[in-house]
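See below for the structure under consideration.
Number of protein chains: 2
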Amino acid sequence: MQVQQILETCLYVDDLEAAREFYSQVLGLTLVTEMEGRHVFFRCGQTMLLLFNPDSTSNLESAEEAPAHGARGRGHCCFTMDEGDTDSWRERLNRFGVDVEKETQWPQGGVSLYFRDPSENCLELATRRVWGIFD
Amino acid sequence: MQVQQILETCLYVDDLEAAREFYSQVLGLTLVTEMEGRHVFFRCGQTMLLLFNPDSTSNLESAEEAPAHGARGRGHCCFTMDEGDTDSWRERLNRFGVDVEKETQWPQGGVSLYFRDPSENCLELATRRVWGIFD
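Each protein sequence line maps, in turn, to chains H and R. Residues in the first sequence are numbered from 1 upward in steps of one, following the numbering used here. Residues in the second sequence are numbered from 136 upward in steps of one, following the numbering used here.
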């Protein structure tokens, strides 16, 4: 018996409004639902990307639906990028004023672009080849 | 232009050894690679689940491959559970001594089981119906 798939990926942000703009405008994600001061939820393919204000979710009193959680610091999340879209993504990030902090050409093939969301979370766009295990 | 899929989901843990045992034994995930003191990486379907020691990855000097990241506190991640497997998962968690902290039957259909990993991250097993937007 084993888990087969990730249904929700979570990051914590200190400015939900800025996060909503960034993830919808720059990354093109579709907003599913939001609660002022608490969360903004996006769909990303077959997974949900949940952005929480840890001040809200760390507090058990406000956690009506899920047990308390909440982290502080710079989280990490990586999105799949098609092999031929590297230039387009680099240009798009630049156009939105998002610095590409690092670009890595992996020895085994594939490429990663690293950048920050408005809360300094470390985001990555990578081709699936970087892991050498996916189709 | 939009990101289509999440390739890496990340949690931070304070005990990599305990995390390796938990995620492989209890959740049945396949270990892909590990680096003592820094990380343990698992495959979960078409996504990688990355478990990092934030003491290591928050330090730029040790971040040869990716920019610095690292969070502290209780993160969150949700795994997909098949509709008919709720009882089996509850029993499996109990058998491994993992408390089901909360079980939620959602008004729109679907069920969630909440529990903790050894670092107190808030984990969830949920049926895809809970979001009402996935096939």
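We treat Cβ as the ideally placed atom computed from N, Cα and C, and that holds for glycine.
Excluding the five sequence neighbours on either side, which residues of its own chain have a C-beta within less than 6 angstroms of the C-beta of residue i, listed in chain order?
{"i": "residue 69 of chain H", "result": "57"}
{"i": "residue 184 of chain R", "result": "144, 177"}
{"i": "residue 52 of chain H", "result": "12, 39"}
{"i": "residue 108 of chain H", "result": "132"}
{"i": "residue 36 of chain H", "result": "none"}
{"i": "residue 221 of chain R", "result": "246"}
{"i": "residue 134 of chain H", "result": "128"}
{"i": "residue 104 of chain H", "result": "112"}
{"i": "residue 23 of chain H", "result": "29, 42"}
{"i": "residue 106 of chain H", "result": "130"}
{"i": "residue 211 of chain R", "result": "257"}
{"i": "residue 274 of chain R", "result": "The first residue shown for chain R is 136 and the last is 270, placing residue 274 of chain R beyond what the model contains."}
Excluding the 5 residues preceding and the 5 following residue i in the sequence, name in chain order all residues of the same chain whose CB lies nearer than 7 angstroms to its CB.
{"i": "residue 110 of chain H", "result": "126, 127, 129, 130"}
{"i": "residue 15 of chain H", "result": "118, 119"}
{"i": "residue 34 of chain H", "result": "20, 40, 41"}
{"i": "residue 233 of chain R", "result": "161, 250"}
{"i": "residue 60 of chain H", "result": "68"}
Given that a residue counts as buried once 16 or more other Cβ atoms are within 10 Å of its Cβ, and exposed if not, what is residue i?
{"i": "residue 66 of chain H", "result": "buried"}
{"i": "residue 209 of chain R", "result": "buried"}
{"i": "residue 142 of chain R", "result": "buried"}
{"i": "residue 231 of chain R", "result": "exposed"}
{"i": "residue 137 of chain R", "result": "exposed"}
{"i": "residue 206 of chain R", "result": "buried"}
{"i": "residue 27 of chain H", "result": "buried"}
{"i": "residue 164 of chain R", "result": "buried"}
{"i": "residue 25 of chain H", "result": "exposed"}
Can you give me the start and stop residues for the alpha helix (DSSP H) that residue i sits inside?
{"i": "residue 120 of chain H", "result": "Run containing residue 120 of chain H: none; DSSP gives neither H nor E here."}
{"i": "residue 263 of chain R", "result": "Run containing residue 263 of chain R: none; DSSP gives neither H nor E here."}
On the DSSP letters alone, give me the boundaries of the beta strand (DSSP E) that residue i sits inside.
{"i": "residue 147 of chain R", "result": "141-147"}
Considering only DSSP beta bridges, list what residue i is partnered with.
{"i": "residue 269 of chain R", "result": "Residue 269 of chain R pairs with nothing; no bridge assigned."}
{"i": "residue 246 of chain R", "result": "R/240"}
Given residue i, which residues of its chain have a CB within under 8 angstroms of its CB, disregarding the five upstream and five downstream residues?
{"i": "residue 32 of chain H", "result": "41, 42, 43, 48"}
{"i": "residue 114 of chain H", "result": "100, 101, 102, 103, 104, 122, 123, 124"}
{"i": "residue 94 of chain H", "result": "100"}
Whole alpha helix (DSSP H) runs in the segment 26-108 of chain H with 4 or more residues, listed along the chain? Taking only runs of at least 4 residues, the alpha helix (DSSP H) segments lying wholly in the segment 26-108 of chain H are 54-57, 86-95.
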